[in-house]
Amino acid sequence: MPGTILEVSRLKKYFSQRRGWFSPHSGEERLIPAVDDVSFYIKEKEILGLVGESGCGKTTVGRTILGLTPATSGSILFEGKEITALPPEELRALRSRMQMIFQDLDAALNPKMRVRDILSEAILLHHRLTDAEVERKTAELLEQVNLKASKLPSFPDELSGGEKRRVGIARALAVGARFLVADEPTSALDVSIQAQVVNLLLDLQKRLGLSYLFISHDLRVVELLSHKVAVMYLGKIVEIGLSESIARAPRHPYTRILWSSLVEKQSGEAFRHPHGSAAGSWGVFDFERPAAGCRFAPRCPVFEAKGRPAVCTDPSSAPQLAAAGPAHQVACHFPTE
Amino acid sequence: MRKRYVQAPGRSDEASGLRFLRKADAVDLFFVGYGLLIVVLVAASYAAGVFRLLPYDPEAVNLGLMLAPPGTAGHLLGTDFMGRDLLSRLILGIQAYFLPGLLAVAVAIVPGAALGVLAGYGAGRADRVITWFSNLVDSFPRLVLILLVVAAFKPDIYFIMVVVGLTNVPATVSLVKVKIRFLREKNFIEAAEGLGLPRRTIVLKHILWHHCRASLIIRATLGMGEAILMETSLSYLGFGVQEPTPSWGNMVQSGANYFLQGNFWPSTVPALAILLSILGFHLLGDGLNNLLERKAVH
Amino acid sequence: MSVPPLLNIENLKTYFYSKGRQAFIRSVDDVSFEIRRGETLGVVGESGSGKSVMALSVMGLVGAAPGVVAGRIGLKTDGIRKNLLQDLDDYVERVEADGRVVEVRKDVVGWQKNVERLMAMVRGKTVAMIFQNPKSSLNPFLSVGRQITEAIRLHTPCKGKAESRERALYWLERVRMDSPRLRYDNYPRALSGGMCQRAMVAMVLSCEPSFLIADEPTTGLDATIQSRIADLLAELKADLGVTTMLISHDIGIIRRLSDSVAVMYGGMVVEYGPAGKVLAAGPESGHPYTAALLASVPDERNIRGKEPLQAIPGDVPDTIHVPNGCRFYGRCVRVTAAVDKECASLLPPLSEITPGHAVRCWLYEGS
Ligand SMILES: Nc1ncnc2c1ncn2[C@@H]1O[C@H](COP(=O)(O)OP(=O)(O)OP(=O)(O)O)[C@@H](O)[C@H]1O
Ligand SMILES: Nc1ncnc2c1ncn2[C@@H]1O[C@H](COP(=O)(O)OP(=O)(O)O)[C@@H](O)[C@H]1O
Ligand code: SF4
Ligand code: SF4
Ligand SMILES: [Mg+2]
Ligand SMILES: [Mg+2]
């Protein structure tokens, strides 16, 4: 597709419990379908928001795209090139074009390196430059992310959360990335700093023509920032569409709950009416005894309201993403009108 | 005294900041200073030995001046039972352990760190094989191993030191491995990979240089101390350097025969040299560790 | 007040020493407030304003030097009021100039021993803390279930193996962890950020503390689970009367759960009072920082119009070279000609504008 920077199709990533780093389980192998058959694309200069329950596989999607963890199956086309099976050298070269901003603010910067060294290391990675040029480039980056030059000699421990985030972003820009996976870039920050970082990301996107996969739990920020939004639930995309339609006219029951819990959390509605809450019954999903058919069925209010229709729990008819309007797809047998 | 540490003021008062550093770290600075002094003395003496810049020929027998006490004209530390100058022998004795000691350290550190990186980074099979091998090496009594080597080859100090180094490999491996495991939990290593840094840079710079150097330096200094001890013990037992070539161990041994007659210096002087230099290496490692790891407070 | 406070903090000062800049970082500078039994105190403020350090000071877990240098932390446990900073002055000598601590001598090692002694009976059982950074607070080398059962067996009467496992699973389910039985055996590495967060919450709540410090317990969780955790905290408060200090930058959750709110800025409390009053701050009432903070929450207009958010201009306050005047001076948009001189040169006192509602701002002085 012309103008498409990233195209992910039928991506799967299964983690096996046995292969866990320190897992003492040598017995049966349990597979965790962290990412299960996910497809989407991102156009040039476009921001795709990725939201979903915590643990549903958002970070894993990002890490797989960047090749930080190998995909189980599926294809990822970056700038028209298949990248799932690249040799390490080419993968490294590719990383000058795509970068990740990590969820964990504190752990992504080497605590023993000064800001200056962190940035110059990234600058020198793909270019041979003289000291003066590095200096100039560093100043330019600092200017781009609004960081004061007085922070250059600091160690990461001495920076505030917002500053650490800026260093992370500056580092991603330093290698010349055009595409960023921003994994909850604002979640560890307070609202006022959050606002600064969101504005910065928007500004950079406009000025440098970047594309983002923007992972976040803050639905308002996602709505504000993204052109399109994909909603994930337990490894699958259940709804994808323009951000306005996802936020204002959600079709999937989970999306509806997600957006209504935003209001609920603020007003405390749910607490005053614990049973009338839109959050449904909140049965706990169990990977060991996965529901057949639609994975959302155990919690789905529509499923309950319709008298538990068999089609929702029929293993052979798991709902697939289907067109539900202009540029809008939903995976549900009974999408809300 | 109760108040052990002084914290500096919060103004832009640089001088008092330095005072804080000094007081908190004074002990460590002293240790490191002493350790460095020993290292410099040993290295300089080694060089002097190589170029034979010695007061006397250390093997020249002077039967006219046997067992001269320290301070005898021309012989600062006295002479031994054959009238050989103790100072010269002491200096030349460093030859016996200096290069072998460095070899032992290199053998312990370099492959140890490399295997540690493999085990920590590679996980899975590499880790299992390396851990199994480490345990195997660890479970051999080292003295038996050394004696086996002595029996199999001639009692060559280099062979012995290679064995000493090898028996220290498991410790280095586990040190580096545990560190990497720990660091991988913090995801800046993954971030560095995501940045596109070559593995080599990540391993050498981010892991070994930034996070393992202090522990490796300590291991190296301790290893050097151990090498001195090992060489002197072997020479003392007669397995190491053979007379008339001097080594601190055979000096203590040959000097010991005259100890009870009141001629204590031929054995005490090299024994003191052993003590002070091993102490120096240990304190150097300890002090550097505290300074590098900023453990001054705890 | 009819109900005596469960916790009262008086003039707490916690400093760090920056080797890089060779000066003090005044992370918590003269903080005082109190929490009554059964009440929830919400603490909001910019990141770096000292919220976590204040919480760690209460827990006696400030590791770096010099740490706590002054103050009193009164806590009522088993009916007895204890000062958690007892004998602090025996370990610390302070040199003051211009009403500001400029030099500290502290026996850090001795103090740490003293703290361990004071806190031994308090930590875990009476006071427990949900840490901000769950990934680094969980032990990477122990399975999640093991860590929770250990906490349970240490702090509750529940000692049996099977019994504590049941409790652990119960709490994992209660914090809405999916596949609790599977997660029980997982190591933290295999969990997502939000799952670690929930495991941490489960571990702390399973100790059934009577006073809970929750440092950003919902950061990194999606909206549905956030509201579930909020429900859980509300239930604990309603059913068990758990007293909570809730640190969060999610104004929604603070608004919902807190009875009173403290707003921190640059290591100081700049506004303190009933939640309704503090969080009602409009552009013309309350502390200017609180108002600016509330204004940077994205609203309908921003979202619909895809406008940039209203961020507070300027930089976060420097806690090293603290200004003599108001710490918000320079970013504050409400400085008037009448107060400008004071704002720039004198620290405003924290004084009540209506009973129980105090603000640290010259605009409210002398009227
Ligand atoms: N290294 C790993 N080994 C085993 N399982 C893993 C590993 N990493 C992630 N998982 C599992 O994959 C699933 C998805 O994790 P992921 O980190 O992608 O979630 P997420 O959507 O980013 O959640 P959050 O919003 O909480 O960060 C989870 O069930 C998690 O337990
Ligand atoms: N161990 C430490 N050593 C030095 N400075 C610290 C340490 N812990 C926190 N700080 C500093 O204290 C200030 C307040 O931090 P914190 O309480 O974590 O902020 P927040 O309000 O976001 O929770 C920050 O400037 C931080 O850099
Ligand atoms: S397919 Fe059925 S169970 Fe699944 S979300 Fe739609 S209505 Fe609910
Ligand atoms: S004291 Fe002055 S600068 Fe500070 S908040 Fe009030 S008006 Fe603003
Ligand atoms: Mg994540
Ligand atoms: Mg904090």
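Chains as they are written, first to last, in my numbering: chain Y, -11 to 325; chain D, 1164 to 1461; chain E, 17 to 383. We put the CB at the ideal spot given by N, CA and C, even for glycine. Note that this is a predicted model, so its numbers are computed, not measured.
Does ligand 4 have even one heavy atom less than 7 Å from the beta-carbon of residue i?
i, result
"E:H403", "With chain E running from 17 to 383 in the structure shown, residue 403 of chain E is simply not present."
"E:V351", "yes"
"E:P333", "no"
"E:C348", "yes"
"E:Y288", "no"
Rounded to whole angstroms, what's the CA-CA distance from residue i to residue j? Just pull it up for me.
i, j, result
"D:G1450", "D:V1195", "5 Å"
"Y:T52", "Y:I35", "18 Å"
"E:C348", "Y:F143", "29 Å"
"Y:I234", "Y:V(-4)", "20 Å"
"E:Q38", "Y:L140", "16 Å"
"Y:P307", "Y:G281", "7 Å"
"E:S367", "E:E119", "28 Å"
"D:L1379", "E:T234", "41 Å"
"Y:R80", "Y:I225", "29 Å"
Compute the minimum distance between the beta carbon of residue i and the heavy atoms of ligand 3, and state whether it is under 7 Å.
i, result
"Y:P330", "Absent from the structure is residue 330 of chain Y, since the part of chain Y shown begins at -11 and ends at 325."
"Y:H240", "yes"
"Y:C44", "no"
"Y:H321", "yes"
"E:F49", "no"
Looking at the structure shown, is residue i part of a helix, part of a strand, or coil, going by DSSP?
i, result
"E:H265", "coil"
"D:T1395", "helix"
"Y:N98", "coil"
"D:Y1197", "helix"
"D:H1238", "strand"
"D:M1229", "coil"
"D:A1211", "helix"
"E:F32", "strand"
"Y:P144", "helix"
"Y:S11", "Confidence in Y:S11 is poor, its pLDDT being 44 and thus under 50, which makes the residue's placement too unreliable to answer from."
"Y:S199", "strand"
"Y:L168", "strand"
"Y:P21", "strand"
"E:L101", "coil"
"E:P82", "strand"
"Y:F90", "coil"
"Y:E77", "helix"
"D:F1261", "helix"
Shorter than 7 Å, the distance from the beta carbon of residue i to the closest heavy atom of ligand 5, or not?
i, result
"Y:Q91", "yes"
"E:S208", "yes"
"Y:T47", "yes"
"E:D238", "no"
In chain C, which residues lie with their C-beta within 7 Å of the C-beta of residue i?
i, result
"Y:L54", "Absent from the structure: chain C. Protein chains present are Y, D and E."
Does the Cβ of residue i have 16 or more other Cβ atoms within 10 Å, making it buried, or fewer, making it exposed?
i, result
"Y:S14", "Only weak support is given to the placement of Y:S14: the predicted model assigns it a pLDDT of 49, under 50, and the question is left unresolved by the model."
"E:R271", "buried"
"D:Q1405", "exposed"
"E:V111", "exposed"
Any heavy atom of ligand 6 inside 7 Å of the beta-carbon of residue i?
i, result
"E:K63", "Here residue 63 of chain E turns out to be Ser, not Lys, going by the sequence shown. For ligand 6, at least one heavy atom lies less than 7 Å from the Cβ of E:S63."
"E:E232", "yes"
"E:K151", "no"
Given a limit of 9 Å on CB to CB distance, which residues of the region 140 to 161 of chain E reach chain D?
K151, S152, P156 and F157
Please list, in chain order, the residues of the region 80 to 93 of chain Y that have any C-beta partner in chain D closer than 7 Å.
Look at the region 80 to 93 of chain Y: the residues with a C-beta under 7 Å from a C-beta of chain D are R80, R83, S84, Q87, M88, F90 and D92.
Just by C-beta distance, which residues in the region 221 to 252 of chain E are closer than 9 Å to chain Y?
E232, T234, T235, G236, L237, D238, A239, T240, I241, Q242, S243, R244, A246, D247, A250 and E251
Closer than 9 Å, Cβ to any Cβ of chain D: which residues of the region 188 to 207 of chain E, in chain order?
P204 and R205
Selection of the region 1342 to 1361 of chain D by Cβ proximity to chain E, strictly under 9 Å
R1344, F1345, R1347, E1348, K1349 and N1350
According to a CB-to-CB cut-off of less than 7 Å, which residues of the region 1235 to 1268 of chain D neighbour chain Y?
none
At a Cβ cut of 8 Å, what residues of the region 1366 to 1394 of chain D count as close to chain Y, listed as they run along the chain?
Within the region 1366 to 1394 of chain D, H1369, H1373 and H1374 place their CB atoms closer than 8 Å to a CB of chain Y, listed in sequence order.
Below 7 Å between beta carbons is the criterion; list the residues of the region 264 to 296 of chain E that meet it against any residue of chain Y, in chain order.
Within the region 264 to 296 of chain E, the residues whose Cβ lies closer than 7 Å to some Cβ of chain Y are H265, I267, G268, I269, R271 and R272, listed in chain order.
Residues from the region 97 to 115 of chain Y in contact with chain D, defined by Cβ distance under 8 Å
L97, N98, P99, K100, M101, E109, A110, L113 and H114
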